[in-house]
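This report refers to the structure that appears directly beneath it.
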Amino acid sequence: MSHSKACCSLPPVVSDYKYIGDMDKVDDLSVYTVGPKDAKKAVLVFYDIFGYHPNAYQFCDILAKHCGWRVIMPDFLHGDYATMELMGDMPKFLEWIGRVGSIEAVTPDVERSVKYLKEGGVDAAALVGFCWGAKIAVQLTSTIPFFVGASLVHPSFVDVKDAEKAGAPILALPSKDEPDMTEYMEVLSKKPFGKQCKHVRFDDMVHGFCAARGDYTDKLNAQRATEAIQLTANFFSECFKIKESSL
4 MSHSKACCSL PPVVSDYKYI GDMDKVDDLS VYTVGPKDAK KAVLVFYDIF GYHPNAYQFC
64 DILAKHCGWR VIMPDFLHGD YATMELMGDM PKFLEWIGRV GSIEAVTPDV ERSVKYLKEG
124 GVDAAALVGF CWGAKIAVQL TSTIPFFVGA SLVHPSFVDV KDAEKAGAPI LALPSKDEPD
184 MTEYMEVLSK KPFGKQCKHV RFDDMVHGFC AARGDYTDKL NAQRATEAIQ LTANFFSECF
244 KIKESSL
């Protein structure tokens, strides 16, 4: 599968990363924000179930610094993050994710985040979803037109029904631990924006390689995470261009 031509020159990820943005507040919602305050385009990021993590911050910072977008990562789980103990109890884990991480649970915070971006002058945004957030991201494209595309990075809870409802171009970046997404992409291909959708598997990486489970001190992991960020940057650039051309 061919890669998109690079539109941004992105540096490789590094370990022991310290974020460069700021924490803001929207009512009781904490929001990590980075990038130009006057940017007209933005990216909203859903971290994985382990919440704020250096790897997730770095993903945000690279997109903001090298692509000129405003990037925000709201604390959708409000500090109630997964633990290894919780992960070891599947019934309890599923109850937890349904309570704090369902589309119904996060939509009010998403709507507040959209308002926050619009009040800052943003006219269009894209979505990045790690893990559980990938499922939420594709679902949001069907309900909030403000989002012009979504990058699904090592997605969890992959369901073809989500593809059927998708309302914007989708970039799927599954790892070796995710199911085959051929049928998912075939459904997307039948959409009016089907030709814009892309699918790149990272079969040499484990689930979470771009987020909390990634080991950025490992050369291959760092390289592949950088590739995932580059693909996401290229994809969003095209999504924003298509949005502008339709106005």
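Numbering (our numbering), first residue to last: 4 to 250. Positions of the beta carbon are idealized from the N, C-alpha and C atoms, including for glycine.
The shortest CA-to-CA distance from S178 to any of C134, E167, V190 and E189 is the one to C134. Bounds of the beta strand (DSSP E) holding V151 are F150 to P158.
Counting the other CB atoms within 10 Å of its CB gives V161 a total of 16 or more, which places it among the buried residues.
Where K28 is concerned, the enclosing beta strand (DSSP E) starts and stops at D25 to V29. Under DSSP, the beta-bridge partners assigned to A45 are R73 and A128. By DSSP's assignment, T36 forms a beta bridge with D25 and I75. In this structure L223 is exposed. Its beta-carbon is surrounded by fewer than 16 other beta-carbon atoms within 10 angstroms. Taking the Cβ atoms as the reference, F79 lies roughly 6 Å from F49, within the contact range of under 8 Å. Judged by DSSP in its simplified three-state form, A169 adopts coil rather than helix or strand.
CA-to-CA, the gap between G170 and D30 works out to about 29 Å. By the neighbour-count criterion, in which a residue is buried when 16 or more other Cβ atoms sit within 10 angstroms of its Cβ, R102 is exposed.
For C200, the CB contacts under 6 Å within the same chain, skipping 5 residues up- and downstream, are P172, I173 and L191 in chain order.
Of the candidates M188, A231 and A153, the residue whose Cα lies closest to the Cα of F205 is A231.
Assigned with DSSP and collapsed to three states, L89 falls in helix. Between V109 and the set V156, L32, Y22 and H202, the nearest pair of CA atoms involves L32. Out of K168, H202 and K138, the CA that lies nearest to the CA of M184 is found in H202.
For the pair A215 and D51, the CB atoms are nearer than the 8 Å cut-off.
Distance from the CA atom of S105 to the CA atom of P94, rounded to whole angstroms, is 15 Å. Boundaries of the alpha helix (DSSP H) around T110: I106 to E122.
Taking a 10 Å sphere around the C-beta of V163, we find fewer than 16 other C-beta atoms and assign the residue as exposed. The alpha-carbon separation between A129 and L47 amounts to approximately 6 Å. Taking 8 Å as the cut-off, the Cβ atoms of I75 and T36 count as close.
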